[in-house]
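The block underneath contains the structure these notes are about, expressed in structure tokens.
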Amino acid sequence: MSVQDPGGQQSIDELARENEARVQLGLDGAYVGLFEWNLVTGQSQWSLGFYRLHGLEAGEGASFELWRNQVHPDDIARVESEIQKALAEGVSLDTDYRIIRPDGQLRWTYLKAVVTRNAEGAPQLMAGYCGDITRRKMADAALLEAQKLAIAGRVSAAIAHEINNPLEAAFNLLYLSRGLSTDQTQIEMLDKTVDQLRRVSEISQQTLRFARPSQPRRVLVSEVVDSTLHLLGRKLSLAAVDIETDLRPTRELFCSPNELQQILTNILNNAAEASRERRKIRIRVREAIAWCDRNAHGVRITIADGGPGMPPDTLRRLREPFFTTKDEAGTGLGMWVVEELMNKYEGSIAIRSSTDPRHRGTTLSLFLPFDSHRVAHS
51 MSVQDPGGQQ
61 SIDELARENE
71 ARVQLGLDGA
81 YVGLFEWNLV
91 TGQSQWSLGF
101 YRLHGLEAGE
111 GASFELWRNQ
121 VHPDDIARVE
131 SEIQKALAEG
141 VSLDTDYRII
151 RPDGQLRWTY
161 LKAVVTRNAE
171 GAPQLMAGYC
181 GDITRRKMAD
191 AALLEAQKLA
201 IAGRVSAAIA
211 HEINNPLEAA
221 FNLLYLSRGL
231 STDQTQIEML
241 DKTVDQLRRV
251 SEISQQTLRF
261 ARPSQPRRVL
271 VSEVVDSTLH
281 LLGRKLSLAA
291 VDIETDLRPT
301 RELFCSPNEL
311 QQILTNILNN
321 AAEASRERRK
331 IRIRVREAIA
341 WCDRNAHGVR
351 ITIADGGPGM
361 PPDTLRRLRE
371 PFFTTKDEAG
381 TGLGMWVVEE
391 LMNKYEGSIA
401 IRSSTDPRHR
411 GTTLSLFLPF
421 DSHRVAHS
């Protein structure tokens, strides 16, 4: 299984074997590569697909060390332990792990191999294949996040429901106290207390609406923006974020209000967590025409912040699954979820960012068409 032509030509046999491995992995079009590792001489041979999977130039000297250097530092100890166990005790290896390609992309890889032994039982050769399972891992992680959100939603709904009864009692007591009071200062303080409790009640009702599953229907984008800001109000305030809105009337959009709220929540959370400095986020809603199709009419939501901005490398990788700048605090799936939901509604996202102190910040422009064929026929 040697690479005969560094220019990228593969033998028919090698292509057939890679396709067979692709079928076994259940992959559709993803990179799959074959490898052989001679345990006696230490030499390795890789198929062209193996090079492409790892983002390497075909013909670059195949070796265990070159492969090892691409495995994610957090995974290498586990994978090497599994390899040693297969060499010492078994005949097969079945594992997955992350790799970091030369261009910085993080990909999930599945490895399946068989160990061949001599008459004395000593390992002679490990041969098998690797395949890219990143999308599968993304789907699994997104499902897990969705389950967590569903549980959190049910808990929030239960709490919001329990809050309503004591809130009603508090309102009644305040109204009675106000009616009995003759001191103007005391009356003003009671009125302010009622206003704050009314805000708690609004948040409680928004939480209940958010927790209920919602099917696509006609919604006003400005109302979803308002409800999202109500839900995130406390967090944005603690993050020293001032909100400025310019929400012009638009026609109704056919979508799930919960999914649109999830898009906005993910973006606003990212903006809130980007810096500890006081800054402003501007949200604008307009009827608009798609930049790439002048016949497509819809709603454009522009979210601009005066935060620190993103360097080019971060901006380039922003939509990459599992990429995060929040260390252990982030899953790296927020913008991927946004992208998936926008694609569902045949929408588009444009992102600009600058770290220049004279005009730093980030602007996201979301366009959602009025007529989404995917949603209309789902």
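In case it helps, our numbering puts the sequence shown at residues 51 to 428.
All C-beta atoms, glycine included, are put in the ideal place defined by N, C-alpha and C.
Rounded distance between the beta-carbons of residue j and residue i, thought under 8 Å
| i | j | result |
| --- | --- | --- |
| Thr-352 | Arg-334 | 4 Å |
| Trp-96 | Phe-85 | 5 Å |
| Gly-357 | Ala-324 | 4 Å |
| Trp-158 | Asp-146 | 6 Å |
| Ile-183 | Tyr-160 | 5 Å |
| Met-385 | Leu-365 | That belief does not hold up - the Cβ atoms of Met-385 and Leu-365 are roughly 11 Å apart, past 8 Å. |
Distance, residue j Cα to residue i Cα
| i | j | result |
| --- | --- | --- |
| Gln-88 | Arg-408 | Position check: residue 88 holds Asn in this sequence, whereas Gln was assumed. Rounded to whole angstroms, Asn-88 to Arg-408 spans 58 Å at the Cα level. |
| Trp-341 | Thr-243 | 48 Å |
| Arg-344 | Ile-317 | 26 Å |
| Leu-217 | Ser-403 | 44 Å |
| Ala-289 | Arg-326 | 6 Å |
| Glu-46 | Thr-300 | Because residue 46 is not part of the residues shown, which for the chain are 51 to 428, the question remains open. |
| Ser-251 | His-122 | 48 Å |
| Val-165 | Gln-174 | 7 Å |
| Thr-295 | Leu-230 | 40 Å |
| Ser-422 | Phe-304 | 8 Å |
| Leu-310 | Leu-156 | 28 Å |
Simplified DSSP state of residue i, which is helix, strand or coil
| i | result |
| --- | --- |
| Met-385 | helix |
| Asn-88 | strand |
| Pro-419 | strand |
| His-347 | strand |
| Leu-165 | A small correction: the amino acid at residue 165 is Val; Leu does not occupy that position in the sequence shown. If DSSP states are grouped into helix, strand and coil, Val-165 belongs with the strands. |
| Asp-78 | For Asp-78, the predicted model reports a pLDDT of 48, less than 50, meaning its position is unreliable and no value from the coordinates is stated. |
| Asp-124 | helix |
| Ala-338 | strand |
| Ser-231 | coil |
| Arg-148 | strand |
| Ala-108 | coil |
| Met-360 | coil |
| Leu-314 | helix |
| Val-291 | strand |
| Thr-412 | strand |
Burial state of residue i (16 or more Cβ within 10 Å)
| i | result |
| --- | --- |
| Ile-142 | In the sequence under discussion, the amino acid at residue 142 is Ser, which differs from the Ile named in the question. Burial call: exposed. |
| Ala-112 | buried |
| Pro-419 | buried |
| Leu-414 | buried |
| Gln-312 | buried |
| Met-176 | buried |
| Gly-411 | buried |
| Ala-189 | exposed |
| Ala-321 | buried |
Neighbour flag for residue i against chain C, beta carbons, 8 Å
| i | result |
| --- | --- |
| Ser-403 | In the structure shown, chain C cannot be found, because there is only a single protein chain. |
Candidates the options, of which the one nearest residue i by Cα
| i | options | result |
| --- | --- | --- |
| Ile-293 | Asn-393, Ala-172, Arg-328 | Arg-328 |
| Gln-246 | Glu-107, Ala-321, Met-360, Leu-224 | Leu-224 |
| Leu-297 | Thr-91, Tyr-395, Ser-272, Gly-140 | Ser-272 |
| Arg-268 | Pro-307, Ile-237, Leu-240 | Pro-307 |
| Arg-148 | Lys-187, Glu-390, Leu-286, Ala-108 | Lys-187 |
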